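Listed below in structure tokens is the structure:
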């Protein structure tokens, strides 16, 4: 029988109030409080906290503060990555960020979502703490991408290698490699020349 964590990682409806999630969130909240309180120049300590919080992290990774995430353990980051200040990563499922990636300020990455139809979204006999069905889909940002300020990336999206996503875009579907994409909903406006 699948655990609630198994269901979550498989993209199925799951109970986000299961003890496994509550425990992980508690641990992550403590790490985030510590991380966000550290002075800018304490880079070594910051890296130690990120290594404890994230599922995996490469070399030369900078994450600006304040930073927010749900679980931390579902975030995987490659080498030479800059995440600017005030970003939120809702990592109920896996968030994979490749190498040589720039993520500007105020970027939001969401993996959690809910059914569109009200009859599917609401749980019969709900309680105030848990009244709607939730599922989560992974998000991938491949190598060499630049994600502009204020971009929102929705569940299940893959942004291909070498893409640039314009500031303020809402990325609702996959973006092919080497694309400049902008808007709400985000759409490709041209291919980026490869050199």
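In my numbering, the protein residues as written are 907 to 1101.
Every residue, glycine too, gets a C-beta built ideally from N, C-alpha and C.
Fair warning: this is a prediction, and the values are worked out from it, not measured in the lab.
Legend entry - CB-CB length for residue 1073 against residue 1010, believed under 8 Å: For the purposes of this step, residue 1073 is taken as residue 167 along the chain shown, with counting starting at 1. For the purposes of this step, residue 1010 is taken as residue 104 along the chain shown, with counting starting at 1. Confirmed, about 7 Å.
Legend entry - beta strand (DSSP E) runs contained entirely in the segment 968-1045, provided each spans 3 or more residues: Listed in chain order, the complete beta strand (DSSP E) runs (minimum 3 residues) inside the segment 968-1045 are 973-975, 981-983, 987-989, 993-996, 1001-1003, 1007-1009, 1014-1016, 1028-1033, 1036-1038.
Legend entry - Sequence-distant residues of the same chain with beta carbon closer than 6 Å to residue 982, five excluded per side: For the purposes of this step, residue 982 is taken as the residue at position 76 of the chain shown. Within the same chain, residue 982 has close Cβ partners 961, 962, 1002.
Inset, instruction - In the DSSP assignment, find the beta strand (DSSP E) that holds residue 1081 and state where it starts and stops. - result: Your numbering for residue 1081 matches position 175 in the chain shown. No beta strand (DSSP E) holds residue 1081; DSSP gives it neither H nor E.
Legend entry - 8 Å Cβ cutoff met for residue 1086 and residue 1062: Here residue 1086 refers to the residue found at position 180 when the chain shown is read from its first residue. Here residue 1062 refers to the residue found at position 156 when the chain shown is read from its first residue. Going by C-beta atoms, residue 1086 is not nearer than 8 Å to residue 1062.
Inset, instruction - Assign residue 1087 to one of three DSSP states: helix, strand, or coil. - result: If you number the chain shown from 1, residue 1087 lands on position 181. Three-state result, residue 1087: strand.
Inset, instruction - Mind checking which residues open and close the alpha helix (DSSP H) that includes residue 928? - result: Reading the chain shown from its first residue, position 22 is the one you call residue 928. Counting along the chain, the alpha helix (DSSP H) containing residue 928 begins and ends at 925-943.
Inset, instruction - Report the three-state DSSP secondary structure of residue 909 (helix, strand or coil). - result: The residue labelled residue 909 in the question sits at position 3 within the chain shown. Three-state result, residue 909: coil.
Inset, instruction - Below 8 Å on the Cβ atoms is my guess for residue 918 versus residue 1041; work out the distance and round it to an integer in Å. - result: The residue labelled residue 918 in the question sits at position 12 within the chain shown. The residue labelled residue 1041 in the question sits at position 135 within the chain shown. With 8 Å as the limit, residue 918 and residue 1041 qualify as a contact, their Cβ atoms being about 6 Å apart.
Legend entry - Outcome for residue 920 when other beta-carbon atoms lying within 10 angstroms are tallied against a minimum of 16: The residue given as residue 920 occupies position 14 in the chain shown. Looking at its Cβ environment, which holds 16 or more other Cβ atoms inside 10 Å, residue 920 is buried.
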